[in-house]
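K.L.:
If you read the protein sequences in the order shown, they are chains A and B. Quick note on numbering that gives the first Met the number 0: the first sequence kicks off at 0 and runs consecutively. Quick note on numbering that gives the first Met the number 0: the second sequence kicks off at 0 and runs consecutively. The structure is given below, and queries will be raised subsequently.
Number of protein chains: 2
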Amino acid sequence: MTIPEDRDAGSAVPARAGTVISVDAMGGDLGPAAVVAGLDRSARKNPDIRFLLHGPQDELARLVAKKRALRDRVELRDASGVVQMTDKPSQVMRHGQGTSMWSALESVRDGEATVCVSCGNTGALMALSMVRLRKLPGVSRPAIAVLWPSRNPQGFNVMLDVGADIRADAQDLLQYALMGASYARNGLDLARPRIGLLNVGTEEHKGRAELHAAHTLIAAHAGDAHYDFVGFVEGGDIPGDRADVIVTDGFTGNIAIKTGEGTAKLVGDLLREAFAYTPLSRLASLLAYTSLRRLQKRIDPRRVNGGVFLGLNGTVVKSHGAADATGVSAAVKLAFQLAQSGFSERLAQRIAGATETAPAPPAGPKNGTHA
Amino acid sequence: MTIPEDRDAGSAVPARAGTVISVDAMGGDLGPAAVVAGLDRSARKNPDIRFLLHGPQDELARLVAKKRALRDRVELRDASGVVQMTDKPSQVMRHGQGTSMWSALESVRDGEATVCVSCGNTGALMALSMVRLRKLPGVSRPAIAVLWPSRNPQGFNVMLDVGADIRADAQDLLQYALMGASYARNGLDLARPRIGLLNVGTEEHKGRAELHAAHTLIAAHAGDAHYDFVGFVEGGDIPGDRADVIVTDGFTGNIAIKTGEGTAKLVGDLLREAFAYTPLSRLASLLAYTSLRRLQKRIDPRRVNGGVFLGLNGTVVKSHGAADATGVSAAVKLAFQLAQSGFSERLAQRIAGATETAPAPPAGPKNGTHA
Chain A
0 MTIPEDRDAG SAVPARAGTV ISVDAMGGDL GPAAVVAGLD RSARKNPDIR
50 FLLHGPQDEL ARLVAKKRAL RDRVELRDAS GVVQMTDKPS QVMRHGQGTS
100 MWSALESVRD GEATVCVSCG NTGALMALSM VRLRKLPGVS RPAIAVLWPS
150 RNPQGFNVML DVGADIRADA QDLLQYALMG ASYARNGLDL ARPRIGLLNV
200 GTEEHKGRAE LHAAHTLIAA HAGDAHYDFV GFVEGGDIPG DRADVIVTDG
250 FTGNIAIKTG EGTAKLVGDL LREAFAYTPL SRLASLLAYT SLRRLQKRID
300 PRRVNGGVFL GLNGTVVKSH GAADATGVSA AVKLAFQLAQ SGFSERLAQR
350 IAGATETAPA PPAGPKNGTH A
Chain B
0 MTIPEDRDAG SAVPARAGTV ISVDAMGGDL GPAAVVAGLD RSARKNPDIR
50 FLLHGPQDEL ARLVAKKRAL RDRVELRDAS GVVQMTDKPS QVMRHGQGTS
100 MWSALESVRD GEATVCVSCG NTGALMALSM VRLRKLPGVS RPAIAVLWPS
150 RNPQGFNVML DVGADIRADA QDLLQYALMG ASYARNGLDL ARPRIGLLNV
200 GTEEHKGRAE LHAAHTLIAA HAGDAHYDFV GFVEGGDIPG DRADVIVTDG
250 FTGNIAIKTG EGTAKLVGDL LREAFAYTPL SRLASLLAYT SLRRLQKRID
300 PRRVNGGVFL GLNGTVVKSH GAADATGVSA AVKLAFQLAQ SGFSERLAQR
350 IAGATETAPA PPAGPKNGTH A
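So, in structure tokens, the structure goes:
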């Protein structure tokens, strides 16, 4: 595969200090206007952010020109192809070279940015990320991590994998624990995150064989990798406060988050119906307006928009396909925070350290101290 | 294992017409008082219900005597042993003979009742049910089915397995589809339930190999078994309206329902906090009181309390361990409905029919008509 050389056809904005995020303008359900509106929001709040924006030059130039906050802060990279939601990952891997998604990843590959944001097709984005950015040394399966509203003081828990790969063996689950801990440190400012391993019960004899092996591995690395291991956790702990990071395989994780999202949405819709039911309840909803807004903000999935691809040379933030300006802006904020904290480099070091120190960790003790 | 012979030490209430439910009084977190209070509620609403109540004779007699609605409608069966929540299923299988749980199942085994209700230890209840009631001919893995609040007109969807067994191959998933369809017909009055197979995406190429095999099998039986197969569904469809019955393995199902429960509970708690936040919002919550009560009733897990064990000679309703009188009464209501509809017999016929007609179903067509 060749690296496209034509990407400097963009604007002539001079390079300037600030943290640069590479953004795929295309592939979201609401089109590039929503993406540009999201960047505008982020730029107005954050004077230190700059963008490499990938997509059809003329269309993007028109959209960007309308936003004053984006003046001098967006460098366009022309790419006329768009990865569609229905495209198969294997097709995109072979033929995706002229697309905005490919171009956005190339900026990370080339070191112009350390974090990329896209609203596009998740499967294609993961496949392209794997072949263009490549896996970190020591990682066999990259993972997608999400933030989930929780009872913890930080307001969210990290869960991974939520769908990068439907399989995971014990070693993969250990790597998810390491990557999730690193993400919690850099994305949620938790110095020593608590890791939980998702299972059907908290007793040590429960669940599948690979989970018992993973339990031993994750416990053995707790000291070196500076996390606490709380052992097995259950589905109810994903929004709970027993752990900050929930580790699971991508099949289970994907179904868990979609079940949680669907249930929260059902409750929200029924709540709206309940308030519309009588004149008295309609009045009540007016009186409670600010309180309900606060609640909505707390659990609005758009505010924590962004699955993060971990385990690659560089970080990719996958924004929801249906993200509007609020959603895109949330994904960009996360990308900025991860870029500023040097997350990609830290994660790479963490994985390299763990791989060196413990190719075959001891079966016990359960909570190894610093080796 | 011997069948205890001492269970007629109970009261001398004469047998009377009505549907008899066998109830384990012990093992719930709130003790037998909550169970008896639940039976009292049910008895007051339903003149046709009668109970065989298993547990320590003296204690139960005192509790029952206080409830006028239970007069002449409860037959006590003395059993002094109690299965604790911490007991291991294997222990209970070997040594559980004098317990109320064992005794409650014996009444189903002996044909005195077709449905049993217990709030006790789920693992022990399933293990005991397997050895005492035994699996239906043709069933290799029994399943636990739950009702889940949904957008469907009936208000709930059926999901199974939610934790009887952490494994399930394609044949098991087919049996779950058959059992779930039968449960939806008898528990939710749906003449032709729509079955969905839980996966990480709705495209046919997604997910694990056993899911593709199960897809073919379940589609092939749709005509004979009088259900519609809607194909793969996602986590968001569990509370949705694309399917009435969600089929999955017990590992995934257990994690999905616990995630959904935990998320709904978090939203509910945050909602309560939001309403307590300002004087205005407290006033609002008063005005909206009846609407909010209606919502709470709609999604209150106590109202749909009861996982149902399917695939045994007899039906077991597992009430939540923390069930209060409302929860116990809901489980009893479900047990009554299933007993009255002749569910146990119908399910046995359905499974027997499917096993006879199709030991090796054709790979296609996807929606076989009546063979």
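Glycine included, each C-beta is placed from N, C-alpha and C at the ideal position.
Quick check on the burial criterion: 16 or more other C-beta atoms within 10 angstroms. Buried or exposed for residue 319(A)?
P.N.:
Sequence index remark: in the first sequence, residue 319(A) carries index 320 (1-based). Label assigned to residue 319(A): buried.
K.L.:
State the CB to CB distance for the pair residue 333(A) and residue 186(A), rounded to an integer number of angstroms; the pair is presumed to be in contact (CB under 8 Å).
P.N.:
Your numbering for residue 333(A) matches position 334 in the first sequence. Your numbering for residue 186(A) matches position 187 in the first sequence. Residue 333(A) to residue 186(A), Cβ: 7 Å. Contact.
K.L.:
Using a C-beta to C-beta distance shorter than 7 Å, which residues of chain A count as neighbours of residue 290(B)?
P.N.:
Taking the first residue of the second sequence as 1, we reach residue 290(B) at position 291. Under the 7 Å cutoff, chain A gives 273, 274, 276, 277, 280.
K.L.:
Which term fits residue 313(B), buried or exposed, when burial requires 16 or more other beta carbons within 10 angstroms of its beta carbon?
P.N.:
As a first step, residue 313(B) is located in the second sequence; it is residue number 314 there, counting from the start. So residue 313(B) ends up on the buried side.
K.L.:
Can you tell me whether DSSP reads residue 147(A) as helix, strand or coil?
P.N.:
As a working mapping, residue 147(A) is identified with position 148 in the first sequence. It is a strand residue.
K.L.:
What in chain B is Cβ-close to residue 250(A), meaning under 9 Å?
P.N.:
Sequence index remark: in the first sequence, residue 250(A) carries index 251 (1-based). 198, 199, 206, 207, 251, listed in chain order.
K.L.:
Pick from 55(B), 56(B), 41(B): whose alpha carbon is nearest that of residue 49(B)?
P.N.:
As a position in the second sequence, residue 49(B) is number 50, starting the count at 1. The option with the nearest alpha carbon to residue 49(B) is 41(B).
K.L.:
Applying the criterion that 16 or more other CB atoms from any shown protein chain within 10 Å of the CB defines a buried residue, is residue 296(A) buried or exposed?
P.N.:
As a working mapping, residue 296(A) is identified with position 297 in the first sequence. Classification for residue 296(A): exposed.
K.L.:
Three or more beta-carbon pairs under 8 Å between the stretch 223 to 231 of chain B and the stretch 157 to 171 of chain B, yes or no?
P.N.:
No: fewer than three Cβ pairs fall under 8 Å.
K.L.:
Taking the Cβ atom as the reference point for each residue, do residue 162(B) and residue 249(B) lie within a distance shorter than 8 Å?
P.N.:
Counting from 1 along the second sequence, the entry for residue 162(B) is found at position 163. Counting from 1 along the second sequence, the entry for residue 249(B) is found at position 250. Contact flag set, yes.
K.L.:
Measure the alpha-carbon distance for residue 126(B) versus residue 275(B) and round it to whole angstroms.
P.N.:
Residue 126(B) sits at position 127 when you count from the first residue of the second sequence. Residue 275(B) sits at position 276 when you count from the first residue of the second sequence. Going by the C-alpha atoms only, they are around 45 Å apart.
K.L.:
Since residue 260(A) meets chain B, which of its residues come closer than 7 Å, beta carbon to beta carbon?
P.N.:
By 1-based counting over the first sequence, the position of residue 260(A) is 261. Correct list: 235.
K.L.:
Measuring CB to CB, does residue 172(B) end up less than 8 Å from residue 243(B)?
P.N.:
Looking up residue 172(B) in the second sequence gives position 173. Looking up residue 243(B) in the second sequence gives position 244. Cβ distance not < 8 Å, so residue 172(B) and residue 243(B) don't count as in contact.
K.L.:
Please name the residue in 122(B), 44(B), 241(B), 23(B) whose C-alpha comes closest to that of residue 75(B).
P.N.:
Here residue 75(B) corresponds to residue number 76 of the second sequence, with the count starting at 1. It is 23(B) whose Cα lies nearest to the Cα of residue 75(B).
K.L.:
Among 45(B), 324(B), 138(B), 237(B), which one has its Cα closest to the Cα of residue 348(B)?
P.N.:
Looking up residue 348(B) in the second sequence gives position 349. Residue 138(B) is the option with its Cα nearest to residue 348(B).
K.L.:
Let me confirm a value: residue 257(B) is counted as buried when at least 16 other C-beta atoms fall within 10 Å, else exposed. Which label applies?
P.N.:
For this step, residue 257(B) is matched to residue 258 along the second sequence. Flag for residue 257(B) reads buried.
K.L.:
Looking at the strands, I want to know which residues DSSP matches up with residue 23(B).
P.N.:
Here residue 23(B) is taken as the residue at index 24 of the second sequence, counted from 1. 53(B), 117(B).
K.L.:
Which full runs of the beta strand (DSSP E) of 3+ residues lie inside the stretch 220 to 267 of chain A, going along the chain?
P.N.:
Taking only runs of at least 3 residues, the beta strand (DSSP E) segments lying wholly in the stretch 220 to 267 of chain A are 227 to 232, 244 to 246.
K.L.:
Measure the C-alpha to C-alpha separation of residue 167(B) and residue 59(A) and round it to an integer number of angstroms.
P.N.:
By one-based count along the second sequence, residue 167(B) stands at place 168. By one-based count along the first sequence, residue 59(A) stands at place 60. So the alpha carbons of these two residues sit roughly 50 Å apart.
K.L.:
State the start and end residues of the unbroken alpha helix (DSSP H) segment that holds residue 314(B).
P.N.:
Here residue 314(B) is taken as the residue at index 315 of the second sequence, counted from 1. It is not in any alpha helix (DSSP H) - residue 314(B) instead sits in the beta strand (DSSP E) that spans 314 to 317.
K.L.:
What is the rounded straight-line gap between the Cα of residue 240(B) and the Cα of residue 293(B)?
P.N.:
Stepping through the second sequence from its first residue, residue 240(B) is reached at position 241. Stepping through the second sequence from its first residue, residue 293(B) is reached at position 294. Distance between the alpha carbons of residue 240(B) and residue 293(B) is about 21 Å.
K.L.:
Report yes if the C-beta of residue 320(A) is less than 7 Å from at least one heavy atom of the ligand COA; otherwise report no.
P.N.:
As presented, the structure is devoid of all ligands, the ligand COA included, so that no description of it is given.
K.L.:
Could you name the residues that DSSP lists as bridge partners for residue 74(A)?
P.N.:
Within the first sequence, numbered from 1, the residue matching residue 74(A) stands at position 75. In DSSP, residue 74(A) forms a bridge with 51(A).
K.L.:
Count the other C-beta atoms from every protein chain shown that fall within 10 angstroms of the C-beta of residue 148(B), then say buried if there are 16 or more, exposed otherwise.
P.N.:
Taking the second sequence and counting its residues from 1, one reaches residue 148(B) at position 149. Buried: at least 16 other Cβ atoms inside 10 Å.
K.L.:
Mind the definition here: the stretch 114 to 128 of chain B touches the stretch 79 to 99 of chain B only if three or more C-beta pairs lie below 8 Å; say whether that holds.
P.N.:
With a cut-off of 8 Å, the stretch 79 to 99 of chain B and the stretch 114 to 128 of chain B count as touching, because enough Cβ pairs lie within range.
K.L.:
Would you mind stating whether residue 21(A) and residue 62(A) have Cβ atoms separated by less than 8 Å?
P.N.:
As a position in the first sequence, residue 21(A) is number 22, starting the count at 1. As a position in the first sequence, residue 62(A) is number 63, starting the count at 1. No, Cβ-Cβ distance for residue 21(A) and residue 62(A) is not below 8 Å.
K.L.:
Per the DSSP calculation, residue 380(B) is bridged to which residue(s)?
P.N.:
There is simply no residue 380(B) to check, as chain B begins at 0 and stops at 370 in what is shown.
K.L.:
Considering Cα atoms alone, identify which of 315(A), 35(A), 197(A) is closest to residue 343(A).
P.N.:
Reading the first sequence from its first residue, position 344 is the one you call residue 343(A). The option with the nearest alpha carbon to residue 343(A) is 315(A).
K.L.:
Can you tell me where the beta strand (DSSP E) with residue 195(B) in it begins and where it stops?
P.N.:
To locate residue 195(B), count along the second sequence from 1; it is residue 196. 193 to 197 is the extent of the beta strand (DSSP E) around residue 195(B).
K.L.:
So is residue 353(A) buried or exposed if we call it buried at 16+ other beta carbons inside 10 Å?
P.N.:
The residue you call residue 353(A) lines up with position 354 of the first sequence. Answer is buried; the Cβ neighbour count reaches 16.
K.L.:
Kindly give me the distance between the Cβ atoms of residue 197(B) and residue 251(B), rounded to whole angstroms, as I take these residues to be in contact under 8 Å.
P.N.:
Walking along the second sequence from the start, residue 197(B) turns up at place 198. Walking along the second sequence from the start, residue 251(B) turns up at place 252. So it is a contact: roughly 6 Å between Cβ atoms.
K.L.:
Using the Cα positions of residue 45(B) and residue 176(A), report the straight-line distance between them to the nearest angstrom.
P.N.:
Within the second sequence, numbered from 1, the residue matching residue 45(B) stands at position 46. Within the first sequence, numbered from 1, the residue matching residue 176(A) stands at position 177. So the two alpha carbons sit approximately 53 Å from each other.
K.L.:
Please compile the residues from chain B whose C-beta is within a distance smaller than 9 Å of the C-beta of residue 255(A).
P.N.:
Here residue 255(A) corresponds to residue number 256 of the first sequence, with the count starting at 1. Result: 234, 251, 254, 255, 257, 258, 259.
K.L.:
What does a CB cutoff of less than 7 Å around residue 113(B) pick up in its chain, not counting 5 residues either side in sequence?
P.N.:
For the purposes of this step, residue 113(B) is taken as residue 114 along the second sequence, with counting starting at 1. Correct list, in chain order: 107, 313, 314, 338, 343.
K.L.:
For the beta strand (DSSP E) that residue 82(A) lies in, which residues bound it at each end?
P.N.:
On the first sequence, residue 82(A) is found 83 positions in, with the first residue counted as 1. Note, residue 82(A): premise wrong, no beta strand (DSSP E); not H, not E.
K.L.:
Taking only the alpha-carbon atoms, compute the straight-line gap between residue 17(B) and residue 145(A) and give it to the nearest angstrom.
P.N.:
Looking up residue 17(B) in the second sequence gives position 18. Looking up residue 145(A) in the first sequence gives position 146. Going from the Cα of residue 17(B) to the Cα of residue 145(A) covers about 53 Å.
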